[in-house]
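Just so we're aligned: the sequence shown equals residues -23 to -1, 1 to 132 in mature numbering (1 follows the signal peptide of the UniProt record, and there is no 0).
Structure record follows, encoded as structure tokens.
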Amino acid sequence: MIKNQTVWLFSIALMAFTGCVQAQEAKVGSIKIENAYVRATAPGQPAAGAFMKIENGGTAADQLVSASSPAAGEVQLHQMSMEGNVMKMGQVKDIVVPANGSVDLKPGGYHIMLMNIKAPLKAGETVPVKLKFAKAGEVEMKLPVNAVGGGMNMH
């Protein structure tokens, strides 16, 4: 009985990580991007979140000022925040990356929204995304698409 439960639990754990693709990394100027990925979507779902850690090794702050992708009709920088007892999500003009510091784009906080996506984003695929920083310039990346529940928090 215990052996069957162990095999069953192992199978569930393995399925949870199936579709997890190694996150993308890139560097431009003093900016380093790590653990970048996009969340998979269901058919008909119009938007997807992109998440990553952005590190600034420079002595001056920089700003992520825009993002774009041919996979989406529009790409916006967003932030989620609590207003009273309500979680709100809204567009921001930029995301500051402090000097010698970092910012996490993660579910429940800052993130990139790919809106009006042109086709469902499936686990195992990659999505081209271009990030533009005020000082460091532009960097193009191919972000892996991770399955919902594939080791990252829900958006």
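Built from N, CA and C at the ideal position, the CB exists for glycine as well.
- Linking residue 69 to residue 86 through their CA atoms gives a straight-line distance of about 12 Å.
- Along the stretch 3 to 62, the beta strand (DSSP E) occurs as fully enclosed runs of 3 or more residues at 8 to 16, 24 to 33, 39 to 45, 49 to 60, listed in sequence order.
- Look at residue 69 here: in three-state DSSP terms it is coil, with no helix or strand label.
- When the beta-carbon positions are compared, residue 94 and residue 31 stay at least 9 Å from each other.
- The straight-line gap separating the alpha-carbon atoms of residue 45 and residue 27 is approximately 11 Å.
- Boundaries for residue 83: no beta strand (DSSP E) harbours it, and the DSSP string shows neither H nor E there.
- Contact check for residue 35 against residue 77 passes: the beta carbons are separated by less than 9 Å.
- Here the alpha carbons of residue 92 and residue 23 stand approximately 6 Å from one another.
- Considering only 16, 52, 81, the residue with the shortest C-alpha distance to residue 67 is 52.
- Distance between residue 18 and residue 97, taken at the CA atoms: about 6 Å.
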